[in-house]
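If you read the sequence shown in the numbering used here, its first letter stands for residue -7, the second for the next number, and so on.
Data block below; observations after.
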Amino acid sequence: MSAGEAPAPERPGEPAPSDTAAAQDLSAVESEPEERPQEARAARRELYDHAPEFMFKAAASFGGSLVGGSQHGVSGGRVDGDVFMGGKTESHHYYGSAGPVHASGEIPAEEVESLAAVFEESDAFATALERLRGDRIVVLTGAHSTGRRAAALMLLHRLGITTVRALDAETPPAALREQLGNASGHVLCDLALSRGKPLKYNHLLAAQDELRKRDGHLVITLESTATLTGITPVPWKPPSAAAVLRAHLRHHVGDGPVERLLGLSPVRDFLAHAHQLREVRGFAEELAAYDSGSGSLADLAAFSRASVEEQVRQWFGNEQLSLRDKSFLVSLAVFDQAPYPLAAELADQLYVLLQETENPARPPEIPVFGPAITDRLQLARAQGYEEYESTEWGQVPQFVARFQDDRIARTLLDEVWTGHPSARPALIRWIQRLAHDGRPVVRTRAAATAAMLTAADLPSAMALLIDGWATARGYAPRQIAANTLTLSHLLGAPAVPRILSQWCLDDHPARRWTAVRAYALLVPLRPEQTEQALEAIAARTRLGESDARERNHFIQSTALLLSAGDRRATLTELVRLLEQDTASVRALVLSAFLTACHAEEDGLLAWFTEDDDRTPAGIGTPAALWRAALADPTHTKAALTALRTWVYEADRHPSAEEALTALLPALAVSAQDTARLSHLLRTLPGEHGGPPPAAAARLLSALPSR
């Protein structure tokens, strides 16, 4: 079987399961083709509203122990009397002294002293130290990779303890007392707990009694979500990355060069992103190497990106991380800075598809309930916040999730697409389903995801996603293809302009539609593509053979090129085509120009009103198009209608009247022109049955006397 050949079906005459699923997804996208495409301006607005923000940036260029008045001596422990669970007695059995002896060992004093040289204290540290000094035991809880272990060692160090034993994380809570040795200090980092094996208040009491006998102290560190009963821990909040970096630099290079090093551009960029403390420590070593002359600014600049890539590799290389968690990470990368419920809901859809890939014979399962939102965001190095989302009903509040480092999303998708090819079939089917979703934000993010995959591997994305959308019978998938190509170009994907220009001349009308719509979306963001876009559309128009629907699509898309970017350059290019081209191209140019004049949103009048250049030279280009439209028998009526709307607008806004006053003399070149314009102004009726616009009479004076 060749590399690109599908696996054989299990039974003759039946399609392979993967092929069947893919065909069903594709047919879902193509079913019920729409009779009318989405209007070009609405499509552009939807893309701009819901695509990830960084893509457009590319276009422009992370308590006390008192409860109920009762104070208890154990640091994490405070209990109001006895604890009753459901009015019944529960018996929990744990390993006792007869159980296995768990491994422990003494932490080298050199490690502790080295850490003490760079450790930066925080308010949480002071609180924990007070607890430890008075109660001999303290429980620290916090997020992963926030320096909990370092804090535990430093708490003991601040008490003058020189001998510290590390206890086994698998120690059962009931066996905690038996694991304490004769050392004056103990740390138990990341104690393994579960709902069936919680850390209880009585466990701490037993350990506290033993510590008093041995004159010892114990620090336990846990995840924020650890299962505790009757215990209130000290929440661990680390110092800022800048403070930690400064402390490490002082240790490595002394006080002298610290401020100079912190002022370097790669250092400022590093601190602008959310980095874990272990990454800060590594960066400090790189910075010290640069100061000694053995490193470069390029090395410093690359470190931050490399740390993001390493984090992503760890996520997907970690066999202890569940497939559902990995599915959520992928979904969050797609819906970064979008409503969290979307990321969670659609992550489970991806989870089902990945289960089918891993074990096709086993029905996929989705737990109805799972981890808390805070736990999932903590795992993903993300944060949640309230934000307003644009909808067809206006702005509505949403709980939004975003990665603390805005580079994670694209790095993560690149890693999944290029580093884990076995996930591709499920990922492709998932993206195809997203593209068929009825919610604009989901459809747009499907296109944005496909764009990131295109930038990473254009041939595969074109074959597996884009071309299927571009040749679909319905307009919705073609719109997804156009969005994908637009965003791909913004992300630096190669060959997109060539693809668009070739597709404009393609024999397949759906590819032509997709290319022209992509140009309409792209040019306002990349004005340098204007000439190529217009030439590609004109080249197709010269060939003819387009039906009325396609011609209207060309007109609407060309008009959209005039809604943003360098409009004067676009007008100049239209004049060139008008003067040098065929009748069919001339008709396209004039129809697109008048459509742009009619547009209420980002129309030519709004631009012309704000334009500072109202000299004859500055007015010359739009005036040439106006004159051509007024003089062309097939466009005269539409031109006069558009001009009437401009006069009505001039009656409402003085700036529009000022602009029209400057324009009219350039339109009245001949006596016939003057007569036509004079008749329009003198006979113009009022809007909605009202009196004639007063601006019409004033504009008459702008016409030359004949």
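The beta carbon of each residue, even a glycine, is placed where N, CA and C say it ideally should be.
Note down, in chain order, each residue of its chain lying with its Cβ closer than 7 Å to the Cβ of residue i, except the 5 sequence neighbours on either side.
i: alanine 531; result: Cys496, Leu497
i: proline 258; result: Leu289, Leu292, Ala293
i: serine 186; result: Thr219
i: serine 323; result: Ala335, Leu338, Ala339, Leu342
i: glutamate 641; result: Leu597, Ala648
i: glutamine 548; result: Ala32, Thr587
i: glutamate 38; result: Pro432, Thr436
i: aspartate 283; result: Val245, Pro249, Leu253
In angstroms, rounded to a whole number, what distance separates the CA positions of residue i and residue j?
i: glycine 68; j: alanine 418; result: Residue placement at glycine 68 is flagged as unreliable, the pLDDT there being 36, under the threshold of 50; the coordinate-derived value follows with that caveat. So the alpha carbons of these two residues sit roughly 46 Å apart.
i: alanine 166; j: threonine 436; result: 53 Å
i: glutamine 572; j: proline 646; result: 37 Å
i: leucine 622; j: proline 657; result: 14 Å
i: alanine 687; j: histidine 671; result: 14 Å
i: alanine 654; j: threonine 633; result: 19 Å
i: phenylalanine 585; j: threonine 613; result: 12 Å
i: valine 236; j: methionine 146; result: 14 Å
i: leucine 263; j: cysteine 589; result: 48 Å
i: arginine 305; j: alanine 281; result: 26 Å
i: glycine 678; j: arginine 690; result: 15 Å
i: glycine 682; j: tyrosine 467; result: 41 Å
i: phenylalanine 361; j: cysteine 181; result: 28 Å
i: proline 389; j: glutamate 378; result: 7 Å
i: aspartate 429; j: leucine 569; result: 40 Å
i: alanine 631; j: valine 508; result: 24 Å
Would you mind reading off the limits of the alpha helix (DSSP H) that contains residue i?
i: histidine 428; result: Run containing histidine 428: none; DSSP gives neither H nor E here.
i: glutamate 542; result: 540 to 552
i: leucine 210; result: Where leucine 210 is concerned, there is no enclosing alpha helix (DSSP H), although the beta strand (DSSP E) it sits in stretches over 209 to 215.
i: valine 309; result: Valine is not the amino acid found at residue 309; the sequence shown has glycine there. 289 to 309 is the span of the alpha helix (DSSP H), which, as asked, contains glycine 309.
i: leucine 241; result: 233 to 245
i: glutamine 390; result: First-last for glutamine 390: 386 to 395, but that is the beta strand (DSSP E), not the alpha helix (DSSP H).
i: isoleucine 99; result: Premise fails: isoleucine 99 is in no alpha helix (DSSP H) and is neither H nor E.
i: glycine 134; result: Unbroken run through glycine 134 is the beta strand (DSSP E), 129 to 134; no alpha helix (DSSP H).
i: histidine 412; result: Per DSSP, histidine 412 belongs to no alpha helix (DSSP H) and is neither H nor E.
Mapping DSSP to helix, strand and coil, what is residue i?
i: histidine 500; result: coil
i: alanine 336; result: helix
i: valine 360; result: coil
i: arginine 373; result: coil
i: isoleucine 611; result: helix
i: leucine 597; result: helix
i: alanine 688; result: helix
i: arginine 354; result: coil
i: histidine 645; result: coil
i: proline 683; result: coil
i: arginine 157; result: strand
i: valine 515; result: coil
i: serine 716; result: Only positions -7 to 698 of the chain appear in this structure, which leaves residue 716 out of reach.
i: glutamate 378; result: strand
i: histidine 265; result: coil
i: valine 433; result: helix
i: histidine 627; result: coil
i: serine 286; result: coil
i: serine 693; result: coil
i: serine 186; result: strand
In chain order, what residues of the same chain lie with their CB nearer than 8 Å to the CB of residue i, ignoring the 5 residues before and after it?
i: alanine 485; result: Ala443, Thr446, Ala447, Leu450
i: glycine 97; result: Arg157, Ala158
i: histidine 412; result: Phe308
i: tryptophan 638; result: Cys589, Leu597, Ala648, Leu652
Leaving out five residues before and five after residue i in sequence, what residues of the same chain have Cβ atoms less than 6 Å from its Cβ?
i: glutamine 370; result: Ala135
i: leucine 692; result: Leu673
i: tryptophan 618; result: Leu659
i: alanine 34; result: none
i: alanine 144; result: Val179, Val211, Thr213
I need the boundaries of the beta strand (DSSP E) containing residue i, first residue and last residue.
i: alanine 198; result: From DSSP, alanine 198 is part of no beta strand (DSSP E) but of the alpha helix (DSSP H) over 193 to 206.
Quick check on residue i - is its C-beta less than 8 Å from some C-beta in chain C?
i: alanine 686; result: Note that chain C does not occur in the displayed structure, where there is just one protein chain.
Task: the stretch 149 to 158 contacting the stretch 126 to 138, beta-carbon criterion three pairs below 8 Å - done: no
Open item on the list: Any contact between the stretch 348 to 357 and the stretch 319 to 331? By contact I mean 3 or more CB pairs, one from each, below 8 Å.
Closed with: no
- [ ] Evaluate the contact criterion for the stretch 207 to 222 versus the stretch 237 to 250: three or more CB pairs, one atom per stretch, below 8 Å.
- [x] no
Task: Sufficient close CB pairs (3 or more, under 8 Å) joining the stretch 352 to 359 to the stretch 439 to 458 - done: no
Open item on the list: Assess contact between the stretch 226 to 234 and the stretch 187 to 199, defined as three or more Cβ pairs (one per stretch) separated by less than 8 Å. Is contact present?
Closed with: no
Open item on the list: Between the stretch 509 to 522 and the stretch 547 to 559, can you find at least three pairs of beta-carbon atoms closer than 8 Å?
Closed with: yes
- [ ] Decide if the stretch 574 to 581 is in contact with the stretch 528 to 548; the criterion is three or more beta carbon pairs, one per stretch, under 8 Å apart.
- [x] yes
- [ ] Tell me, please, whether the stretch 296 to 303 touches the stretch 169 to 185 by the rule of three or more beta-carbon pairs shorter than 8 Å.
- [x] no
Open item on the list: Taking contact to mean 3 or more Cβ pairs, one atom from each stretch, closer than 8 Å, check whether the stretch 557 to 564 and the stretch 503 to 521 are in contact.
Closed with: yes
TODO: Evaluate contact between the stretch 383 to 400 and the stretch 308 to 317, counting only Cβ atoms and requiring at least three cross-stretch pairs below 8 Å.
DONE: no
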